[in-house]
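Q:
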Amino acid sequence: EGEHPRIGATDVCPLIPIRGITIPECVAMAQRLGQRVGDELGIAVYLYGDAASNPEREKLSKIRKGEYELWKTEIGHDPARQPDFGPAVAKPWGATVIGVRPFLIAYNLYLNSGNVTIAEKIARSIRFSNGGLRYVQAKGFLVEGQAQVSMNLTNFEKTAVFQVQEMVRREAEHFGLTITRAELVGMIPQKALMDSAKYYLQLDEMADEQILEYRLRETQDDPDTTPYAFLEAVASNRPTPGGGSVAALAGALAASLAHMVAGLTVNRKKYADVQEVATAVLEEAATLREQLTRAIAEDSAAFDAVMAAFRSNDLAGAEKEALIQRATIGAAEVPLHVAKLSFRAAQLAGELAKVGNVNAVTDATAGVLLAQAAVETAVLNVKINATTVTDKALVQSWQNEIATLQQDVAALVQAIKATAAERGGFA
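Letter 425 of the sequence shown, counting from 1, is numbered 432 in our numbering, and no numbers are missing.
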């Protein structure tokens, strides 16, 4: 029950490409996320938008039809309610809809009237479902005594904000009204604002290069290829992010290189006999990259938790020591996890160095070497935290694991360096 349609507690999770990523890449991410939510959390997941598994599920409203109350009676019985991932079982928390769509602008216009009926009529005339503007959803509301036309603009590239504004203005004039103010709910892409500015200022021939900030941005390092902000954070005099986060980044870069070489191998006739291997690496490397990227922040958070435990004034004696021990164990287990993930990234990159696209053999080998650096750096963090952990059995288990990881990654590096020299012709 409520004003907003929903089918579950975590109702919808859209992935929206902003910059440096394509719709197909977002679709693949949505599928991986849906799989994890279904398998690990036991939530029924439906894919929508560009990620929809069939045309009937492209629109969110069709999946939400009847909302939670109808969904819980139909799932498990109606084939149309079969989720893409997760159990086909009614749960109190409902379902989650995951998908890919363009940026949605939530935009409201207020009229100089308290007559909500007029707002409703204008909404009906402008929304696409009633023959109005495409990519426009609209309703009329009364907000604090003022009529409001509330809109979702689902694709501002195809139907611009200024087009919607002008249509509402013209419709309002039919009733002898005007727009008094506009309201933006949430965020809006810069391009949407620039398009409107060009329209209202009648700058028909204006190029983006004439905007000062755009020109300044062009002279700076490309944010897609230079992680400047992270490098600045590491170089600062703050303790985090530190070596542990850098280890996670190195591991993520190793996984990224494995993913790149796999992408250069998949669907190439010359490598038809290793397509299964390359495809498997492509999928696993993407998951590893995501996990290691998350670990960059997780390592900093683990260190901060240790510092917070030492500074805590709420506890004393045995209770405070127990808090410190828990935090320290966490600060050791995060880099241990990074070391394990990074070794797996080394294995994937190594496999591609052996059988992947020969033109990228040095890239795959670079991935192995980066992964080794990640393993060794993460191991240092495990060791330093282990010195103050009182659970000696746990510490011994860590030592056994990291010794094996170090031996295995060193052996892999030697083997892959020889392979790279042979395949690259520089032996």
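Ideal Cβ positions, reconstructed from N, Cα and C, are used throughout, including at glycine.
Bridge partners for Arg188 per DSSP, in chain order?
A: Answer is Tyr117, bridged to Arg188.
Q: From which residue to which residue does the alpha helix (DSSP H) around Asn124 run?
A: The sequence given here places Thr at residue 124; Asn does not occur at that position. That run of the alpha helix (DSSP H) goes 123-133.
Q: Between the Cα of Phe310 and those of Tyr117, Leu377, Ser252, spot the shortest distance and give me the residue it belongs to.
A: With distances taken between Cα atoms, Phe310 lies closest to Ser252.
Q: Distance check for Lys399 and Leu419, CA to CA, integer angstroms please.
A: The straight-line gap from Cα to Cα measures roughly 30 Å.
Q: Let's see if you can read the secondary structure: which residues bound the alpha helix (DSSP H) around Met36?
A: Met36 -> alpha helix (DSSP H) spans 30-48.
Q: Got a sec? Which residues, its chain only, sit under 7 Å from Ala240 by beta carbon, not counting five neighbours each side?
A: Closer than 7 Å at the Cβ level, and outside the excluded window around Ala240, lie Pro248.
Q: So, with DSSP's three-state summary, where would you put Thr103?
A: Three-state result, Thr103: strand.
Q: Could you tell me the distance, in whole angstroms, from the CA atom of Leu412 to the CA atom of Ala385?
A: Their Cα atoms are separated by approximately 11 Å.
Q: What is the residue span of the beta strand (DSSP E) that Tyr142 lies within?
A: Looking at the DSSP string, Tyr142 is not in any beta strand (DSSP E), and its letter there is neither H nor E.
Q: What number of angstroms, rounded off, separates the C-alpha of Leu208 from the C-alpha of Leu48?
A: C-alpha separation (whole angstroms): 51 Å.
Q: Is the CB-CB distance between Ala87 and Ala257 below 8 Å?
A: It is not a contact, given that the beta carbons lie outside the stated cut-off.
Q: List the whole-angstrom C-beta distance separating Ala302 from His344, where the pair is believed to meet the contact cut-off of C-beta under 8 Å.
A: Their Cβ separation, rounded to whole angstroms, is 7 Å, which keeps Ala302 and His344 in contact under 8 Å.
Q: Go to Tyr75, then tell me how far its alpha helix (DSSP H) extends in each direction, as first and last residue.
A: Unbroken alpha helix (DSSP H) run through Tyr75: 74-81.
Q: Taking the alpha-carbon positions, what's the Glu76 to Ala422 distance?
A: So the alpha carbons of these two residues sit roughly 59 Å apart.
Q: Quick check on the DSSP output: the alpha helix (DSSP H) that includes Pro441 runs from which residue to which?
A: Look at the range of the chain in this structure, 8 to 434, and you will see that residue 441 is not part of it.
Q: If you check the beta carbons only, do Leu184 and Ile125 fall under 8 Å apart?
A: Yes, Cβ-Cβ distance for Leu184 and Ile125 is below 8 Å.
Q: Which residue marks the beginning of the alpha helix (DSSP H) containing Gly363, and which one marks its end?
A: Segment: none, Gly363 is in no alpha helix (DSSP H) and carries neither H nor E.
Q: Please classify Ala204: is it buried, with 16 or more other beta-carbons within 10 angstroms of its beta-carbon, or exposed?
A: Ala204 is exposed by the Cβ-count criterion.
Q: Just reading off the alpha helix (DSSP H) that Leu54 is part of, what are its end residues?
A: Segment 51-56 is the beta strand (DSSP E) holding Leu54; no alpha helix (DSSP H) there.
Q: Can you give me the C-alpha to C-alpha distance between Gln170 and Arg26, rounded to a whole angstrom?
A: Spanning the two alpha carbons is a distance of roughly 24 Å.
Q: Roughly how many angstroms separate the alpha carbons of Leu118 and Gly73, rounded to a whole number?
A: So the alpha carbons of these two residues sit roughly 32 Å apart.
Q: Along the chain, where does the alpha helix (DSSP H) that runs through Asn407 open and close?
A: Per DSSP, Asn407 belongs to the alpha helix (DSSP H) from 399-431.
Q: Mapping DSSP to helix, strand and coil, what is Val284?
A: DSSP places Val284 in helix when its eight states are reduced to three.
Q: Identify whether Val345 lies in helix, strand or coil by the three-state DSSP scheme.
A: Helix.
Q: Hey, is Ala145's beta-carbon within less than 8 Å of any beta-carbon in chain C?
A: This model lacks chain C altogether; it includes just one protein chain.
Q: Do Thr294 and Leu359 count as a contact pair if the criterion is CB distance below 8 Å?
A: The answer is no: Cβ separation not under 8 Å.
Q: Which value, in whole angstroms, describes the spacing of the CA atoms of Gly193 and Glu212?
A: Near 30 Å, if we compare the C-alpha coordinates of Glu212 and Gly193.
Q: Count Cβ pairs between the stretch 276-292 and the stretch 333-340 that sit closer than 8 Å; are there 3 or more?
A: Segments in contact, no.
Q: First and last residue of the beta strand (DSSP E) that includes Gln155?
A: Unbroken beta strand (DSSP E) run through Gln155: 153-160.
Q: Do Pro342 and Asn407 have their beta-carbon atoms positioned less than 8 Å apart in this structure?
A: Taking 8 Å as the Cβ cut-off, Asn407 and Pro342 do not qualify as a contacting pair.
Q: By alpha-carbon positions, which one of Asn366, Val375, Asp18 ends up nearest to Ser68?
A: Of the candidates Asn366, Val375, Asp18, the one whose C-alpha sits nearest the C-alpha of Ser68 is Asp18.
Q: Please state if the CB of Pro21 and the CB of Ile30 are separated by a distance shorter than 8 Å.
A: Going by C-beta atoms, Ile30 is not nearer than 8 Å to Pro21.
Q: Taking the Cβ atom as the reference point for each residue, do Tyr142 and Val104 lie within a distance shorter than 8 Å?
A: Contact: no.
Q: Going by C-alpha to C-alpha distance, which of Glu290, Ala255, Lys146 sits closest to Gly270?
A: The residue with the shortest Cα to Cα distance from Gly270 is Glu290.
Q: Take the Cβ of Glu63 as the centre, count every other Cβ of all protein chains shown within 10 Å, and call the residue buried at 16 or more, exposed below.
A: Glu63 is exposed by the Cβ-count criterion.
Q: Report buried or exposed for Lys198, applying the criterion of at least 16 other Cβ atoms within 10 angstroms of its Cβ.
A: The residue is exposed, with fewer than 16 neighbouring Cβ atoms inside 10 Å.
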